[in-house]
Each structure stands twice: as structure tokens, then as C-alpha cells.
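Asks: First the structure, which I've put down as C-alpha cells, then a few questions once you've had a look.
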Amino acid sequence: MKNEDKIKQLIDLRVKAKQGGGEKRIEAQHAKGKLTARERIDLLLDEGSFEELDMFVTHRCTNFGMEKEKYLGDGVVTGQGTINGRLVYVYSHDFTVFGGSLSETFAMKICKIMDLAMKMGAPVIGINDSGGARIQEGVGSLAGYAEIFQRNILASGVIPQISVIFGPCAGGSVYSPALTDFIMMSEENSYMFITGPKVVKAVTGEDISVEALGGANMHASRSGVAHFVAENEESGLATIRDLLSYLPQNNLEDAPITECDDPIERKEDSLNSLLPENPNQPYDMMQVISSITDYGDFFEVHADYAKSIIVGFARFDGVSTGIVANQPSQMAGILDIESSRKAARFVRFCDAFNIPVLTLVDVPGFLPGSGQEQGGIIVHGAKLLFAYGEATIPKVTVTLRKSYGGAHDVMSCKQLRGDFNYAWPTAEIAVMGASGAIEVLEGKAISKIENPEEKAKFIQEKTKEYQEAFANPYQAASMGYIDDVIEPRNTRFRVIRAFRSIQTKKEVNPSRKHNNIPL
Ligand code: HXC
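Start counting the sequence shown at 9; every next residue gets the next number (this note's numbering).
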């Protein structure tokens, strides 16, 4: 073959590889409202930055006549590129080739870019759209999955790993996304489950739709498996680009610092009057967050799940910072099983990747009741306690209003190595709320009073006495558990000044193989 022909052959092979499973299957993919693997990569990465690897890889399977059906690339597009100029590794399942099902060589392509990402210290983003294990390959496919899982585990806490689900993700293929840091699903065409509706029906008799069993909204609001839900693929990929702007490349680096024109000493007078006079009235913690962050921006994670706590990223003076905040407008901002798990996972992510955490506290306590106890609130609540206590990142806490009991300790208190613990003058830091305390302390005395009016007066007096003694930040401040009581309008400035002063913080946990967080 002449050199000229060899070049033509290469060009033809590239064209063929880019066609994946062929025009008809690409049309079918588009007809479902889905983009192809390469179209998704193009939207995700900076224009023209994608460098594809292993375009000529094909499967080696000879079962069921498979040797006669080969596609260049074998159902997954892999490579590297940049997002906002920063290196990332990416893989994208190609549903047009055997339904994006995973063969041994398909897995090896993914492993190759995961290994490169670890060597280079750069994030991995996986776009999933797959029928699961390639049935014709048998255990070769299972081994391929396990190779990926092992790499997910070793990369955990070293490089950010992000999973995007834009199609089926069923059976064992759910575990790689589950091992990564963030999962994004799209509202349409995206589902994740261990077994599909047919198997559910056969085994348990339950009739359930694909969406109810494993759709994006279920996973974002009920199971908590999905961190983000996208209206469509384009907006979903834009969200991933945004997310990465808050993250460092790896655990040895800091997140990028952006230029900030929003004055750090900006006072927000509205915060002085934000809290209702009645401490049992709700308000929206989002208003506090948007008043104090750079430009009022907040990138919320897990927005639809366990809404009594808010987690997400913001910037203070250009520095990426995690925020954990109780949300008084949702179940009074209570901590329960789900909110504890949600916040614990987020704090651990921030700690692994050197992202400072600001905690905004207004928590009446842990949700009481048999449902919570039977569900193991003791262990789940301990997760959040553990996460804050082990975290060595800069930690600033501001108590706005309630901070009662165990929840006070859990929400990044001073003794969990909080660096700066501030309180607003409206803070109430106590063992429990007034009504519960009066019930315990004065229960016998109350039961002896027969006259209802006298009883009510007695309770009122005792409640007032208790509130005057404890419903304020000054007992905690007098003991040094609160470093300062601050005017709400100054919160942005105080938070930024505190974080600036602790940015060089070095704190090391005892040497050990690993800790044993209560899972
Ligand atoms: C081989 C597969 C495949 C698979 C789909 N295809 N799944 N080929 N192995 N697992 C092929 C189809 O034969 C078809 O080929 C093409 O992909 C598109 O599939 P359709 O069924 O036409 O598409 P659609 O109607 O959209 O349905 C998609 C689907 C369905 C819901 C994913 O294909 C399906 O149920 N697939 C099987 C899912 C499954 O049971 N996987 C194994 C899970 S067990 P043609 O040539 O017609 O285009 C597992 C264990 C892993 O994953 C354990 C790891 C620890």
C-alpha cells in the first residue's frame, strides 16, 4: 500500500470509528432525545480540546458469532481534554454499539484513562448510557467492572470522580457511579437500579414503573443516590463544568481562586432583621447564604434531598468554600437520618479535597421517634459528628439561632476543632429547648397544680426563667465555646476574615491504616 493510501486508510478508519454503531442507531439515539457519546463529550469539554485514545480498540469475544460484529472503539469513547483550561479525563458510553454494554476491552479503555488521571492528578468524568454487562462476554465483563470498581476505590479522595447518567444504568453497573463523588441524572431517559421492573415484579409481585423505581427524581429526592438532576443533557453538562470550578484537581492542590470584586466588608443590613421575633417561626436560610457569599452565588448539592439541611459550594473572596446549613423552613431545620448522611458525605468530600467549610447553625435537635431510632439515627447522626471531628480543613461556624443538645455538638462545635465559632445575638445554645427542659425539670411540680390557670402561669414563669438563663449565646461565650458574638450584618466580613487567617492551617490526625467511621 502506498503511503498516500495508508493516510487515506487512517482517515477512513477514523470516520468509521466516529460512526459508532452506525447511522440508524445514531438516529434511534437522537429519536429518544439523547445525544451520542461524542456529542456529549463535545458539550462537556472546552472546544477542540478533546484528545481521544483507543479509537481502534475492538472486542475479542468469539461467543455467539461476535467475531463477525466488531466496532472501532467498542462502545466507549475515552480520552482527555480541558474544562475551563484544566485537564480532565473522560469516558462516554456509546449506546449505539451493543447498547453501550461493557466488554473486557471496553473496561480496559476506561481503566487506562483512570490510571492516567491518577498519575496526572486530574478529575475523571464518566458519562453512563449502558445496558450493563455485555452478555456475550460472560465473566470477562464482570471482571472488567471489578477492575473499574477497584480503581474508583483507590482514586476516592485523591482525584474528584463525577458520574453522569444519561441513559440506563442497571445491575452491577450502578456501583461505579455509587463509588464516585457526585452523580448527575437527567430528567428524561435516565434511570438507575439494581434490578429492573420485570425482575421486581417476578420476585416481589410489586408493579412499578421505571421512573418510580430508578428515575432521576426518585434518586434525587428519596434515595439520595443522585446529587443533581438536569432538565436536559446540555444543561446537565454545563452544571458539571460549573461544579468543577469549585474543586481542586486532586487532594494535594487547592481549588482555583477567582478574582472577586464583591467587597469583603460588604454589610448586609437586612440580616439584622431577618430572624422572626418568635423563635419558633421559620425563615429561609438561603437568604442568609445569598447575602454573604461572593455575588450571592451558591452551587447547591443534593438540593431535593433531606431538605432540612443545605449543602453546597460558594466563594468567599474568591476562595471555594463548602457550606453546610440547617434550613429552618424545612422541618424546623431538624437533623434526621437523611440530613445527617447528606451533610456527613459533603463534609468528608470537602475535607478530602482541602475545601474549607462554613457551618450555619439553626437546629432544634435530632428528630425524635421510633421511626428514626429503628432506622439507626444513632449511627447516622454519628456520621456527621465523625465527619466534622475528623476534618482538618479550616472550619468556621456561625450559630444564628437554635443550637440544642447533641445537634449543637454535631454541627461543628468548638470542641470538634472548630477554628472560629461565632454566634449572632439571637443564638440560643442550650441542652434543649425551653418547653422540653421545663417538662423534665418541673414535670412533678406542674402535675401537682390542679388549677389550669395557675398551671399555665407557673409554666410561663419557668419558661421565661429558663429562656433568660439559656436562650442566648452568652453562657457559651463566657466559657470560650463561642469566640465572639457578631452583628448579623457583619457576617460576610467576619467569615472572610476568619477564613483568611486560617488558610495556612495545618492539623494532622493520628497515623493509622484508616478510621472506622460508623457506616
Ligand atoms: C449485549 C446488549 C445489552 C447487553 C443491550 N444490548 N443490552 N448487548 N449485552 N447487556 C444491545 C441490544 O441487543 C441491541 O442491539 C442494542 O443493545 C440496543 O438495545 P435495545 O434493547 O434495542 O434498546 P432499548 O429498547 O433502548 O433498551 C435498552 C435496555 C435493554 C433497557 C438497556 O437493552 C436491556 O434491558 N438490556 C439488557 C440489560 C441487562 O439485563 N444487562 C445485564 C445486567 S447484569 P441491536 O443490535 O439490536 O442494536 C449486569 C451485571 C454487571 O450488568 C455486574 C457487575 C458487577
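Think of the CB as a built atom: it goes at the ideal place given N, C-alpha and C, for glycine as much as any other residue. Here the structure is a predicted model, which is why all the values come from computation and not from measurement.
1. Whole beta strand (DSSP E) runs in the segment 45-126 with 3 or more residues, listed along the chain?
2. Which residue marks the beginning of the alpha helix (DSSP H) containing F157, and which one marks its end?
3. Please tell me whether, using a cut-off of 7 Å, the distance from the CB of I494 to the nearest non-hydrogen atom of ligand 1 is below it.
4. Drop a sphere of 10 angstroms on the beta-carbon of L279, count the other beta-carbons inside from all chains shown, and report buried for 16 or more, exposed for fewer.
5. Let's test the definition: count the other Cβ atoms within 10 Å of the Cβ of M487 and tell me whether it reaches 16, buried, or not, exposed.
6. What are the partner residues of Q169, as DSSP defines its beta bridges?
7. When DSSP labels each residue in this structure, what does F5 get in the three-state scheme?
8. Please check the pair P541 and G441, which I expect to be a contact at CB under 8 Å, by giving their CB distance rounded to whole angstroms.
9. According to DSSP, is M294 helix, strand or coil?
10. Rounding to the nearest angstrom, what Cα-Cα distance links F507 and H101 in this structure?
11. Please indicate yes or no: does the CB of S328 lie closer than 7 Å to some heavy atom of ligand 1?
12. Please list, in chain order, all residues of the same chain as G139 whose beta carbon is under 7 Å from its beta carbon, the five residues on each side excluded.
13. In angstroms, rounded to a whole number, what distance separates the CA positions of G389 and N524?
14. Thinking C-beta only, is T499 closer than 8 Å to V406?
15. Would N258 and G73 be called neighbours here (beta carbons separated by less than 8 Å)?
16. Going by other Cβ atoms of all chains shown within 10 Å of its Cβ, with 16 needed for buried, is L162 buried or exposed?
17. Is any heavy atom in ligand 1 found nearer than 7 Å to the beta carbon of L150?
18. Can you tell me where the beta strand (DSSP E) with Y412 in it begins and where it stops?
19. Taking the continuous alpha helix (DSSP H) assigned at F501, which residues delimit it?
20. Excluding five sequence neighbours on each side, which residues of the same chain lie with their C-beta closer than 7 Å to the C-beta of R142?
21. If we call anything under 8 Å between Cβ atoms a contact, is D228 one with M193?
22. Say the cut is 7 Å; is the CB of Q144 nearer than that to a heavy atom of ligand 1?
23. Taking DSSP as the reference, what is the three-state secondary structure of E381?
24. Would the C-beta of R33 count as close to ligand 1, meaning under 7 Å from any of its heavy atoms?
25. Can you give the Cα-Cα distance for P433 and K465, rounded to whole angstroms?
26. Answer yes or no: the CB of F174 versus the heavy atoms of ligand 1, is any distance below 7 Å?
27. Count the other C-beta atoms from every protein chain shown that fall within 10 angstroms of the C-beta of F64, then say buried if there are 16 or more, exposed otherwise.
28. Please look up how many angstroms separate the CB atoms of V332 and F354, rounded, as I've assumed it's under 8 Å.
29. Is F357 helix, strand or coil by DSSP?
30. Pull up the distance between the alpha-carbon of N362 and that of T188, whole angstroms please.
31. Between which two residues does the beta strand (DSSP E) harbouring L424 extend?
32. In three-state terms, what does DSSP make of M226?
33. Tell me which residues share the same chain as V208 and place their Cβ nearer than 7 Å to its Cβ, disregarding the 5 neighbours each side in the sequence.
Replies: With the structure as the only source:
1. Entirely contained in the segment 45-126, the beta strand (DSSP E) runs reaching 3 residues are, in chain order, 59-61, 84-91 and 94-101.
2. V147 to A163
3. no
4. buried
5. exposed
6. When DSSP reads this structure, Q169 sits in a beta bridge with V132.
7. This structure gives no information on residue 5, because the portion of the chain shown stretches from 9 to 527.
8. For the chain, the structure presents residues 9 to 527; residue 541 sits outside this window and is missing.
9. helix
10. 41 Å
11. Result no, Cβ not under 7 Å from ligand 1.
12. G107, G108, S109 and P176
13. 15 Å
14. yes
15. No, they are not a contact pair.
16. In the assembly as shown, L162 is an exposed residue. Its beta-carbon has fewer than 16 other beta-carbons within 10 Å.
17. Correct: L150 has its Cβ closer than 7 Å to ligand 1.
18. K403 to Y412
19. T499 to S509
20. F106, S109, L110, S111 and S149
21. Here residue 228 is Ala; the residue named in the question, Asp, does not match the sequence. Yes.
22. yes
23. Under the three-state reduction of DSSP, E381 is assigned to helix.
24. In this structure, the C-beta of R33 approaches ligand 1 to less than 7 Å from one of its heavy atoms.
25. Whole-angstrom Cα-Cα distance: 28 Å.
26. no
27. Counting C-beta atoms within 10 angstroms of its own C-beta, F64 has fewer than 16 neighbours from the protein chains shown and is therefore classed as exposed.
28. That belief holds up - the Cβ atoms of V332 and F354 are roughly 6 Å apart, short of 8 Å.
29. DSSP places F357 in the helix class (H, G or I) of the three-state scheme.
30. 17 Å
31. No residue range can be given for L424, since it is assigned to no beta strand (DSSP E) and is classified by DSSP as neither H nor E.
32. helix
33. For V208, same chain residues with a beta-carbon under 7 Å away, outside a window of 5 residues either side, are E214, I216 and L221 in chain order.
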